[in-house]
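**Student:** Quick one: this structure, given as structure tokens, is what I'll be asking you about.
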Amino acid sequence: MSEAENKVLNFALGTDHAGYLYKEAIKDHLHNLGHQTKDFGTFNEESVDYPKFITPAAEAVANSLVDYGIVLGGSGNGEAMAANKVKGVRCALCWSEETAKLAKEHNNANVIAIGERQISKDLAIKIIDTWLGSKFEGGRHERRIQMLDS
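Add 33 to the 1-based position in the sequence shown for our numbering, that's all there is to it.
Written as structure tokens, this is what we have:
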């Protein structure tokens, strides 16, 4: 059984204008699963600068105010870069269920980035479910995670 099935999780959500629609769908999906969200915006499709919304979401993860973070944009690349500037965040850009699975199993990703212009909304939801249903393997990966976090 995955962590997501065992307890209510809290998620930080952050996006720019290009990820807004998926953020709203993901928020609904997480609420339907019984989880809670803290939405750091943006709150519409008007053009914005993504670091203003991604950095606070990543900081909420790093400061243990939430369990995980999901950040979105057009490609997800800039959002992953912004999130990874926050010490303690391990953000993986995910574009498939396999990348989400490995992000958790090998990298213990506590934040994932998704590009709304790159994948379907259904796939974005599957990516999140796969990530949440996966478990960090530890072992040889543990030492690497410690190197990232130092």
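Just so it is clear, CB atoms sit at the ideal spot from N, CA and C, and this is done for glycine as well.
Does the Cβ-Cβ distance between Leu105 and Ile147 come in under 8 Å?
**Tutor:** yes
**Student:** Select from Glu79, Asp82, Val41, Asp49 the residue whose C-alpha is nearest the C-alpha of Asp72.
**Tutor:** Asp49
**Student:** Please classify Leu77 as buried or exposed, where buried requires at least 16 other C-beta atoms within 10 Å of its C-beta.
**Tutor:** For the sequence presented, residue 77 should be read as Asn rather than Leu. Burial call: exposed.
**Student:** Would you mind sorting Leu46 into buried or exposed? The rule is 16 or more other CB atoms within 10 Å of its CB.
**Tutor:** buried
**Student:** The beta strand (DSSP E) that contains Lys71, what's its start and end?
**Tutor:** 69-72
**Student:** Please go through the same chain and pick out, in chain order, the residues whose beta-carbon is closer than 6 Å to the beta-carbon of Gly74, but skip the five residues on each side of it.
**Tutor:** Phe86
**Student:** What residue range is occupied by the uninterrupted alpha helix (DSSP H) comprising Tyr55?
**Tutor:** 53-65
**Student:** Could you tell me the alpha carbon to alpha carbon distance between Arg123 and Ile103, rounded to whole angstroms?
**Tutor:** Approximately 11 Å between the Cα atoms of the pair.
**Student:** To which residues does DSSP link Gly106 through a beta bridge?
**Tutor:** According to DSSP, which records beta bridges pairwise, Gly106 is partnered with Gly148.
**Student:** Between which two residues does the alpha helix (DSSP H) harbouring Thr163 extend?
**Tutor:** 154-166
**Student:** Leaving out the 5 sequence neighbours to the left and right, which residues in its chain are closer than 8 Å to Arg150 when beta-carbon positions are compared?
**Tutor:** Ala51, Gly107, Ser108
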